Amino acid sequence: MALARLRLLDRYGLLSPALSATALRSLGDLRALCTLSTTLRSGAGEDEIERIRREFDDAKRNYLSIPAAIKDMPKMNPQGIYVNKNVKLDDLQVYGFDYDYTLSHYSEHLQCLIYDLAKRHLVNELKYPESCLQYEYDRTFPIRGLYYDRLKGCLLKLDFFGSIEPDGCFFGRQRLSLSEIKELYGTRHIGRDQARHLVGLMDVFCFSEACLIADIVQHFIDAKLEFDPSYIYEDVNQSIQHVHRSGLIHRQILSEPEKFLIKKSQVFRFLKMLKEKGKKLFLLTNSPFYFVDGGMRYLLEVLFLNLNLLVCFVHIVEHPKDQHFDGNSWRELFDVVIAQANKPTFYNSDHPFRVYDTQKDTLTFTAVDKFLPDQVYYHGCLKSFLQITKWKGSEVIYFGDHLLSDLRGPSKAGWRTAAVIRELEDEIEIQNGDSYRFQQAKLSIIHDLLGKVHAAVVSTEKGQVYKALLNELNAERRQCRSGMRDLFNTSFGATFLTDTGRESSFSYHIHQYADIYTSKLENFLSYAPESWLHPPHDIKIMPHNAKVPASLFSTS
Numbered sequence: 010m011a012l013a014r015l016r017l018l019d020r021y022g023l024l025s026p027a028l029s030a031t032a033l034r035s036l037g038d039l040r041a042l043c044t045l046s047t048t049l050r051s052g053a054g055e056d057e058i059e060r061i062r063r064e065f066d067d068a069k070r071n072y073l074s075i076p077a078a079i080k081d082m083p084k085m086n087p088q089g090i091y092v093n094k095n096v097k098l099d100d101l102q103v104y105g106f107d108y109d110y111t112l113s114h115y116s117e118h119l120q121c122l123i124y125d126l127a128k129r130h131l132v133n134e135l136k137y138p139e140s141c142l143q144y145e146y147d148r149t150f151p152i153r154g155l156y157y158d159r160l161k162g163c164l165l166k167l168d169f170f171g172s173i174e175p176d177g178c179f180f181g182r183q184r185l186s187l188s189e190i191k192e193l194y195g196t197r198h199i200g201r202d203q204a205r206h207l208v209g210l211m212d213v214f215c216f217s218e219a220c221l222i223a224d225i226v227q228h229f230i231d232a233k234l235e236f237d238p239s240y241i242y243e244d245v246n247q248s249i250q251h252v253h254r255s256g257l258i259h260r261q262i263l264s265e266p267e268k269f270l271i272k273k274s275q276v277f278r279f280l281k282m283l284k285e286k287g288k289k290l291f292l293l294t295n296s297p298f299y300f301v302d303g304g305m306r307y308l309l310e311v312l313f314l315n316l317n318l319l320v321c322f323v324h325i326v327e328h329p330k331d332q333h334f335d336g337n338s339w340r341e342l343f344d345v346v347i348a349q350a351n352k353p354t355f356y357n358s359d360h361p362f363r364v365y366d367t368q369k370d371t372l373t374f375t376a377v378d379k380f381l382p383d384q385v386y387y388h389g390c391l392k393s394f395l396q397i398t399k400w401k402g403s404e405v406i407y408f409g410d411h412l413l414s415d416l417r418g419p420s421k422a423g424w425r426t427a428a429v430i431r432e433l434e435d436e437i438e439i440q441n442g443d444s445y446r447f448q449q450a451k452l453s454i455i456h457d458l459l460g461k462v463h464a465a466v467v468s469t470e471k472g473q474v475y476k477a478l479l480n481e482l483n484a485e486r487r488q489c490r491s492g493m494r495d496l497f498n499t500s501f502g503a504t505f506l507t508d509t510g511r512e513s514s515f516s517y518h519i520h521q522y523a524d525i526y527t528s529k530l531e532n533f534l535s536y537a538p539e540s541w542l543h544p545p546h547d548i549k550i551m552p553h554n555a556k557v558p559a560s561l562f563s564t565s
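To convert, note that position 506 of the sequence shown is 515 in the numbering used here; the numbers rise steadily by one, no gaps.
This is how it looks when you write it as structure tokens:
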């Protein structure tokens, strides 16, 4: 076979006379054949590198044409409902809701409040240095979906497959370089053993927690004090939990609702529409009832007042003897109200339900074997909930903002699940913008060229040309990634995406636990109640994340 191949090469003039004579005299010398093949491939590789260089130069000259090319690309709807699994809204008979960041939404003042209260608890109760009080909440630093490494003390952003983002690792407030990440972890990929030390920061309340952890770590670094990263997490988390469980944050919010709560007029319309369609509604929250009651009254007080005036007028004119709708109580919207549910324990425990006496602020001792619309219930568990209501899992959908505490349990129990992620709207607006799409298009071109460079075989003599092109492409790639990241968050980039435009670890959890996801409840008002929601067939992972193909910008 070696001789036949050499003769075939010689027939088509691919061997020089000297090389042909030498090789043909070898008659079966396999080493000569290998040397010959490598020589030919190297020559072809060198030509390929020159061709890739010309492509790269042409691409840089044609960057200005990218905006025109992407102008006609479809844009995603920031108020859309995005689907991971088919959902027929007409089949859903029961709608359940979390309260915080689902029915209610808060201003940025809340994160500052949580941060400050937890910081003071660290100093006053856990005896951290008073110099820690100098730190302030930095809204530009954290994003949702980060991980804290209790062993090494780093805040991490991971991609869909569990690898550390090259620019997404912070020790305190200091970003670690790729070489420092590899020195610390050995590789960017987080293995199963390392994952045991990671704590996910998945809900909006974790913004203040992530920022406080990083600031405290930075304090110990600056003070050159030895510390155990796991202790810092335990203390900060304990302080954050104290802020919630002690009622400090609840009382502060209710004392200044106009400062902390954002009124969403369309939320009531959505709930009212569901009731008019004959749907069952329930509220399942970890917050205490007095806090939910105060917040709901504030959020809906103007709406109820206007509705009462309108309904009262209509009834007086058309039905003077009928009793008009009493909108003074938001509880009329819900068939079941459950507070202090202790999610996620609620989904796998056997805790009994208790009736909460709203007048006396006490729990009664009577057994709960049915739910009454004028009662409020505490604690309980999913098993008892299903036994009492007789609701089937496939006809129930639950809305929440925390992918693990709110949605993982219902998803495993067979309920349909909907994630309310407020960041989605802003991030889609950025992805729809020309600046992001321009950088993404450039990155697609660079990745295409890098793939060709890595596939080329280059001789030692041409190694410097190869390395120069590779370094230039990598520098251009870093510039594109940085430009895309900074459009979202200069520290960690986008919540749903990595710096390369691929899906993040947070997206993985949405894909796993949320059948549908959207930025706010009222987006459902734009969809008919009998709509059949199904995922698009042309996008494999996250349906809102449209890709810009490099083929659109081919210069050939």
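Yeah, the Cβ is synthetic: ideal placement off N, Cα and C, and Gly gets one too. Nothing here was measured: the structure is a model prediction, and the numbers come from that model.
With H, G and I counted as helix, E and B as strand and the rest as coil, what does DSSP make of residue 540?
Assignment of residue 540 by DSSP, reduced to helix, strand and coil, places it in the coil class.
Length of the line joining the Cα atoms of residue 515 and residue 273
Distance between the alpha carbons of residue 515 and residue 273 is about 26 Å.
Backbone CA spacing between residue 151 and residue 212 [nearest angstrom]:
Within the model, the alpha-carbon separation for residue 151 versus residue 212 is close to 12 Å.
Going by beta-carbon coordinates alone, are residue 275 and residue 531 separated by less than 8 Å?
Their beta carbons are under 8 Å apart, which means residue 275 touches residue 531 by this criterion.
Completely contained alpha helix (DSSP H) runs for the stretch 193–279, where each covers 4 or more residues
Counting only runs of 4+ residues, the alpha helix (DSSP H) found wholly inside the stretch 193–279 occupies 201–204, 215–231, 238–254, 257–264 and 266–269, in chain order.
In or out: residue 143 buried (at least 16 other Cβ within 10 Å) or exposed?
That one is exposed.
Can you tell me the Cα-Cα spacing of residue 553 and residue 374, whole angstroms?
Computed Cα separation, rounded: 49 Å.
Residues of its chain near residue 187, where Cβ-Cβ distance is below 6 Å and the 5 sequence neighbours each way are ignored:
Within the same chain, and ignoring the five residues on either side of residue 187 in sequence, the residues whose Cβ sits closer than 6 Å to its Cβ are 175.
Going by beta-carbon coordinates alone, are residue 301 and residue 108 separated by less than 8 Å?
A contact, by the Cβ cut-off of 8 Å.
Cβ separation of residue 209 and residue 413, assumed to be a contact under 8 Å, to the nearest whole Å
Going by Cβ atoms, the distance from residue 209 to residue 413 rounds to 7 Å, so yes, they are a contact pair.
How big is the Cα-Cα spacing for residue 320 and residue 102?
Note that residue 320 scores 48 on pLDDT, short of 50, meaning its location in the model is unreliable; the coordinates nonetheless yield the value given after this. Between residue 320 and residue 102, the C-alpha separation is close to 27 Å.
Is it buried or exposed, residue 204, if we count other Cβ atoms within 10 angstroms and call 16 or more buried?
That one is exposed.
So, residue 225 versus residue 249, is the Cβ gap smaller than 8 Å?
No. Outside cutoff.
Suppose you measure from the CA of residue 295 to the CA of residue 355; what does that come to, to the nearest Å?
About 10 Å.
Residue of 132, 404 and 64 minimising C-alpha distance to residue 228:
The option with the nearest alpha carbon to residue 228 is 132.
Bounding residues of the alpha helix (DSSP H) (the contiguous stretch that carries residue 462)
443–464 is the span of the alpha helix (DSSP H), which, as asked, contains residue 462.
Evaluate residue 80 with the Cβ neighbour count: other Cβ atoms within 10 Å of its Cβ, from every protein chain shown; 16 or more gives buried, anything less gives exposed.
Label assigned to residue 80: exposed.
Outcome for residue 536 when other beta-carbon atoms lying within 10 angstroms are tallied against a minimum of 16
Answer is exposed; the Cβ neighbour count stays below 16.
Same chain only: Cβ atoms within 8 Å of residue 138, ignoring 5 sequence neighbours per side
Shown here for residue 138: same chain residues with a beta carbon closer than 8 Å to its own, the five before and five after excluded, namely 132, 228 and 232 in chain order.
Could you check whether residue 159 and residue 239 sit closer than 8 Å to each other, using their CB atoms as the reference points?
It is a contact, given that the beta carbons lie within the stated cut-off.
Which residues in the same chain as residue 500 place their Cβ atom closer than 8 Å to its Cβ, once the five residues preceding and following it in sequence are excluded?
Answer for residue 500: 149, 150, 151, 152, 179 and 184, listed in chain order.
Mapping DSSP to helix, strand and coil, what is residue 390?
If DSSP states are grouped into helix, strand and coil, residue 390 belongs with coil.
Run through DSSP, which three-state label would residue 502 get?
Looking at residue 502 - three-state DSSP - the assignment turns out to be coil, as it is neither helix nor strand.
Given residue 251, which residues of its chain have a CB within under 6 Å of its CB, disregarding the five upstream and five downstream residues?
Within the same chain, Cβ atoms closer than 6 Å to the Cβ of residue 251 are found at 130, the five residues on either side in sequence being excluded.
May I have the straight-line CA-CA distance separating residue 117 from residue 269, to the nearest angstrom?
Looking at the two C-alpha atoms, the distance is approximately 8 Å.
Per DSSP, the bridge partner or partners of residue 114
For residue 114, which the question treats as bridged, DSSP gives the partners 271.
Would you tell me roughly how many angstroms separate the C-alpha atoms of residue 121 and residue 271, rounded to the nearest one?
Between the alpha carbons of residue 121 and residue 271 lies a gap of roughly 16 Å.
Could you tell me the boundaries of the beta strand (DSSP E) in which residue 293 lies?
Taken as a continuous stretch (DSSP letters only), the beta strand (DSSP E) holding residue 293 covers 289–293.
Residue 476 - containing beta strand (DSSP E), residue span
Counting along the chain, residue 476 falls outside any beta strand (DSSP E), though it belongs to the alpha helix (DSSP H) covering 472–497.
Assuming residue 490 contacts residue 504 under a Cβ cut-off of 8 Å, what Cβ separation, rounded to an integer in Å, is found between them?
Rounded to whole angstroms, the Cβ separation of residue 490 and residue 504 is 16 Å, and the two are not in contact under 8 Å.
Please name the residue or residues paired with residue 347 in a DSSP beta bridge.
Beta bridge pairing from DSSP links residue 347 with 293 and 386.
Measure the C-alpha to C-alpha separation of residue 298 and residue 440 and round it to an integer number of angstroms.
If I take the Cα positions, the gap works out to 39 Å.
Given a cut-off of 8 Å on the beta-carbon distance, is the pair residue 286 and residue 431 in contact?
The beta carbons of residue 286 and residue 431 sit no closer together than 8 Å.
Between residue 394 and residue 111, is the Cβ-Cβ spacing less than 8 Å?
Note that the C-beta distance between residue 394 and residue 111 is not below 8 Å.
Quick check on the DSSP output: what are the complete beta strand (DSSP E) runs of length 3 or more inside the stretch 68–153, in order along the chain?
Entirely contained in the stretch 68–153, the beta strand (DSSP E) runs reaching 3 residues are, in chain order, 103–106.
Alpha carbon to alpha carbon, how far is residue 492 from residue 445?
Rounded to whole angstroms, residue 492 to residue 445 spans 8 Å at the Cα level.
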